[in-house]
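Q: Sharing a structure below in structure tokens format, with a few things to ask.
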Amino acid sequence: MSDLTSIENLINPTDDEESVTGRFTKKQTEIKAKEIEKQTEANAKISGLGYVNLFAFPISPEALVLIQEERAREMNAVCFFYDGKNIRLACLEPTEEVKEELARLSEQYFATGKLYLVSKNSLTTALEVYKSIPKVKKYESGVEISEENLEKFKEAIASYKSLNEKINEVNITDVVTLMLATAIKVGASDVHIEAEEAGVAIRIRIDGVLQDAALISREKWDKIISRLKILARVKINITNKPQDGRYTIYLKDKKIEVRCSFLPTSFGESVVMRILDSTATILELEHLGIRPEIMPILKREILKPNGLTLTTGPTGGGKSTTLYALLSFINKPGTKIITLEDPIEYQLPGINQSQVNEKSGYTFSDGLRSILRQDPNVIMIGEIRDLETAEISVQASLTGHTVLSSLHTNDAAGVIPRLIDIGVKPYFLVPAINAVIGQRLVRKLCP
Numbered sequence: 005m006s007d008l009t010s011i012e013n014l015i016n017p018t019d020d021e022e023s024v025t026g027r028f029t030k031k032q033t034e035i036k037a038k039e040i041e042k043q044t045e046a047n048a049k050i051s052g053l054g055y056v057n058l059f060a061f062p063i064s065p066e067a068l069v070l071i072q073e074e075r076a077r078e079m080n081a082v083c084f085f086y087d088g089k090n091i092r093l094a095c096l097e098p099t100e101e102v103k104e105e106l107a108r109l110s111e112q113y114f115a116t117g118k119l120y121l122v123s124k125n126s127l128t129t130a131l132e133v134y135k136s137i138p139k140v141k142k143y144e145s146g147v148e149i150s151e152e153n154l155e156k157f158k159e160a161i162a163s164y165k166s167l168n169e170k171i172n173e174v175n176i177t178d179v180v181t182l183m184l185a186t187a188i189k190v191g192a193s194d195v196h197i198e199a200e201e202a203g204v205a206i207r208i209r210i211d212g213v214l215q216d217a218a219l220i221s222r223e224k225w226d227k228i229i230s231r232l233k234i235l236a237r238v239k240i241n242i243t244n245k246p247q248d249g250r251y252t253i254y255l256k257d258k259k260i261e262v263r264c265s266f267l268p269t270s271f272g273e274s275v276v277m278r279i280l281d282s283t284a285t286i287l288e289l290e291h292l293g294i295r296p297e298i299m300p301i302l303k304r305e306i307l308k309p310n311g312l313t314l315t316t317g318p319t320g321g322g323k324s325t326t327l328y329a330l331l332s333f334i335n336k337p338g339t340k341i342i343t344l345e346d347p348i349e350y351q352l353p354g355i356n357q358s359q360v361n362e363k364s365g366y367t368f369s370d371g372l373r374s375i376l377r378q379d380p381n382v383i384m385i386g387e388i389r390d391l392e393t394a395e396i397s398v399q400a401s402l403t404g405h406t407v408l409s410s411l412h413t414n415d416a417a418g419v420i421p422r423l424i425d426i427g428v429k430p431y432f433l434v435p436a437i438n439a440v441i442g443q444r445l446v447r448k449l450c451p
């Protein structure tokens, strides 16, 4: 070959030479990947952890969905194996966050957990598997209430009485979905699941009255309550203490919040699920059923530029509904309204709504201090529960803010002794309080 030909080949390599270069680059990449895996394996031994290469590992969707994709990417960790008894978690670094997540999963699913170290390439391969899983709007601790199942059961339910016929026909997984589908279809505010000597009674509160809906055999109760606890993200193994949790059902056009309360009783735990539809219609003030002679007084007091208005009455008596109706009445373009709720029960246009989270340290009192720095005209606090919240609410009402809230007393007259009992100074109450509403639900004839 002439010198000229050699120069041409260097400038324009042949197909064979290109193929050799490609194979060489590929080989280099493979060698480098193997070195990284060896180094990761060595690091795992030093750390006392297991090692796994997930590049060709058959990761099951059942294992992967135990952790949400966003959470997995945040922690740089994935759950790559779950067989009902064992949980295996792979991570780039064994951080405290990763260890806590493994401990939580092990506790929730009564499984033995083990931590493994993986390389970045191996983890990236595992994270890509999320794309092959059918998309749902949100996973709830590995258990999900799907819209399809809700709709399927709603079609089969004629009234709450249908629940007893259907509940013993479905498997354990679908029992909770069936109960929720029934409650949503009949417009119930609560579902009560009560362990009794003969079985487990399900009662549904419709229009303020509890209706007996179904009876489940006691054999199924342990599995049903475990599923409820997983959904509500409370500890499965604690049965002798009260626990509170919540979860959200995401539908196409709205979301439904479900608050769960677990209480130990003589025959087992009793569960109450409060169902909150964020898109439910807000009643106008005139449609609440307030007595005609009281309406002008209430309107006058609520339109004052400052002062405290409180709603009182028993649980489920419509206090929140009254507060929302009052907010809708005073919601004008020139008025800045901020609410602090637990949780947000209805979405109100033109109003800034904030949800407290006691577990993460965002309490009513902390939120209330922050709200006051937002320069609001009107503040709505879901409930006054402690001295700190009560004092800040009273001070806010005395310094140019309209404050609305609820208080658990039997009647309007009980508000003053209740606030004094909490610890509020009596001389603050007279100038602070504009109005106190005592209310009950009244039975109405079916239209």
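Residue numbers for the sequence shown follow the working numbering, beginning at 5 and rising by one. Quick reminder that beta carbons are idealized off the backbone N, C-alpha and C, glycines included. The structure presented is a predicted model; accordingly, all values stated were derived computationally and were not measured.
Going by C-alpha to C-alpha distance, which of Ala115, Ala416, Ala81 and Glu305 sits closest to Leu127?
A: The residue you call residue 127 lines up with position 123 of the sequence shown. Of the candidates Ala115, Ala416, Ala81 and Glu305, the one whose C-alpha sits nearest the C-alpha of Leu127 is Ala81.
Q: Report the rounded CA-to-CA distance for Ser145 versus Glu173, giving the unit in angstroms.
A: As a position in the sequence shown, residue 145 is number 141, starting the count at 1. As a position in the sequence shown, residue 173 is number 169, starting the count at 1. At Ser145, the pLDDT of 39 sits below 50, so the modelled position is not reliable; the number obtained from the coordinates is stated separately. Their backbone Cα atoms lie some 26 Å apart in a straight line.
Q: To the nearest angstrom, how far is it from the Cα of Ser401 to the Cα of Lys308?
A: Within the sequence shown, residue 401 is the residue found at index 397, counting from 1. Within the sequence shown, residue 308 is the residue found at index 304, counting from 1. So the alpha carbons of these two residues sit roughly 11 Å apart.
Q: Express the C-alpha separation of Gln43 and Leu121 in angstroms, rounding to a whole number.
A: Residue 121 sits at position 117 when you count from the first residue of the sequence shown. Residue 43 sits at position 39 when you count from the first residue of the sequence shown. Rounded to the nearest angstrom, the two C-alpha atoms are 11 Å apart.
Q: According to DSSP, simplified to helix, strand and coil, what is Ala115?
A: As a position in the sequence shown, residue 115 is number 111, starting the count at 1. Coil at Ala115, not helix or strand.
Q: Go ahead and pull the three-state DSSP assignment for Ser364.
A: As a first step, residue 364 must be located in the sequence shown, where it is residue number 360. Ser364: helix per DSSP, three-state reduction.
Q: Please report the distance separating the alpha-carbon of Gln351 from that of Lys227.
A: The residue given as residue 351 occupies position 347 in the sequence shown. The residue given as residue 227 occupies position 223 in the sequence shown. For Gln351 and Lys227, the distance between alpha carbons rounds to 34 Å.
Q: Mind the definition here: the stretch 323 to 334 touches the stretch 425 to 437 only if three or more C-beta pairs lie below 8 Å; say whether that holds.
A: Cβ pair count under 8 Å is below three, so no.
Q: According to the Cβ coordinates, are Asn381 and Gly354 closer than 7 Å?
A: For the purposes of this step, residue 381 is taken as residue 377 along the sequence shown, with counting starting at 1. For the purposes of this step, residue 354 is taken as residue 350 along the sequence shown, with counting starting at 1. It is not a contact, given that the beta carbons lie outside the stated cut-off.
Q: Does the Cβ-Cβ distance between Ile342 and Ile375 come in under 7 Å?
A: Numbered from its first residue, the sequence shown carries residue 342 at position 338. Numbered from its first residue, the sequence shown carries residue 375 at position 371. Contact flag set, yes.
Q: Can you check whether the CB of Ile197 is closer than 7 Å to the CB of Val275?
A: As a working mapping, residue 275 is identified with position 271 in the sequence shown. As a working mapping, residue 197 is identified with position 193 in the sequence shown. The answer is yes: Cβ separation under 7 Å.
Q: In the DSSP assignment, the alpha helix (DSSP H) including Gln399 goes from what residue to what residue?
A: For this step, residue 399 is matched to residue 395 along the sequence shown. Per DSSP, Gln399 belongs to the alpha helix (DSSP H) from Leu391 to Leu402.
Q: Given Glu201, which residues of its chain have a CB within under 8 Å of its CB, disregarding the five upstream and five downstream residues?
A: As a first step, residue 201 must be located in the sequence shown, where it is residue number 197. These residues qualify, in order along the chain: Phe271.
Q: Is it the case that the Cβ atoms of Leu391 and Gly212 are separated by a distance below 7 Å?
A: Taking the first residue of the sequence shown as 1, we reach residue 391 at position 387. Taking the first residue of the sequence shown as 1, we reach residue 212 at position 208. Against a cut-off of 7 Å, the Cβ pair of Gly212 and Leu391 comes out as no contact.
Q: Between which two residues does the beta strand (DSSP E) containing Tyr487 stretch?
A: No answer is possible for residue 487: it lies beyond the span of the chain, which begins at 5 and ends at 451.
Q: Starting from Ile234, follow the alpha helix (DSSP H) in both directions and report where the run begins and ends.
A: For the purposes of this step, residue 234 is taken as residue 230 along the sequence shown, with counting starting at 1. Where Ile234 is concerned, the enclosing alpha helix (DSSP H) stretches over Trp225 to Ala236.
Q: Name the two residues that bound the continuous alpha helix (DSSP H) containing Phe333.
A: Here residue 333 is taken as the residue at index 329 of the sequence shown, counted from 1. Taken as a continuous stretch (DSSP letters only), the alpha helix (DSSP H) holding Phe333 covers Lys323 to Ile334.
Q: Could you tell me which residues DSSP pairs with Val180 in its beta bridges?
A: Working through the sequence shown from its first residue, we reach residue 180 at position 176. Looking at the DSSP assignment, Val180 forms no beta bridge with any residue, so it has no partner.
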